[in-house]
Amino acid sequence: MAKSGSTFLALLTGAAIGAGLGMLYAPESGEETRRKLGENARKTQDDLNKRYRETSSNLSQKAKKAKSDFEQRLDETLSSASYKADEILSSLESKLDELKRQNAKFQKDRKGGGDDKANIEESVASKGDKNTGNAAV
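If you count by full-length UniProt numbering, then the sequence shown holds residues 1 to 137, one letter each, in order.
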């Protein structure tokens with residue numbers, strides 16, 4: 001956009017200089033030449049002002065659209081992140097509940113089981129008897 005604006009400005013400047021030189025060398029009176037130069041200057045100024053307004057308006061519209069697009073993408077990203085955070089929290093809460101259940105069972109087994117070492121040995125012995133086919137008496 002900036003390159004085309006510079007090219008247009010250079011073209012317009014060249015045209016104005018060419019028109020001015022052409023009028024200066026034209027076989028007309030000084031008064032008529034000055035009048036034409038003044039008209040040309042006004043037309044050029046009007047063209048430049050029109051281009052400035054159009055460019056300013058276009059840039060303003062593009063900036064508003066870019067801002068709107070950015071806000072929309074930001075909202076979508078935040079919504080997605082919030083959803084993912086909710087999923088993570090839900091997963092962590094269920095794992096915490098499972099750990100609490102396991103801990104409660106462990107505490108219950110520990111308190112109600114008596115001597116842990118004896119329970120372990122008894123469990124190992126009963127598994128060994130099952131494997132050999134001997135019944136413990």
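Backbone N, C-alpha and C define an ideal beta-carbon position, used for all residues, glycine too. Keep in mind it's a predicted model, so treat the numbers as computed, not measured.
How would you write the range of the alpha helix (DSSP H) that residue 52 sits in, first residue to last?
-> For the purposes of this step, residue 52 is taken as the residue at position 52 of the sequence shown. Per DSSP, residue 52 belongs to the alpha helix (DSSP H) from 30-112.
Contact under 9 Å by Cβ, residue 44 with residue 5 = Within the sequence shown, residue 44 is the residue found at index 44, counting from 1. Within the sequence shown, residue 5 is the residue found at index 5, counting from 1. Between residue 44 and residue 5, the C-beta spacing is not below 9 Å.
Counting pairs of beta carbons, one from the stretch 32-49 and one from the stretch 60-73, are three or more of them closer than 8 Å?
-> The stretch 32-49, when compared against the stretch 60-73, does not touch it at the 8 Å Cβ threshold.
Do residue 73 and residue 8 come within 9 Å of each other at the CB atom, strictly closer than that value?
-> Here residue 8 refers to the residue found at position 8 when the sequence shown is read from its first residue. Here residue 73 refers to the residue found at position 73 when the sequence shown is read from its first residue. Remark: C-beta atoms of residue 8 and residue 73 do not approach each other more closely than 9 Å.
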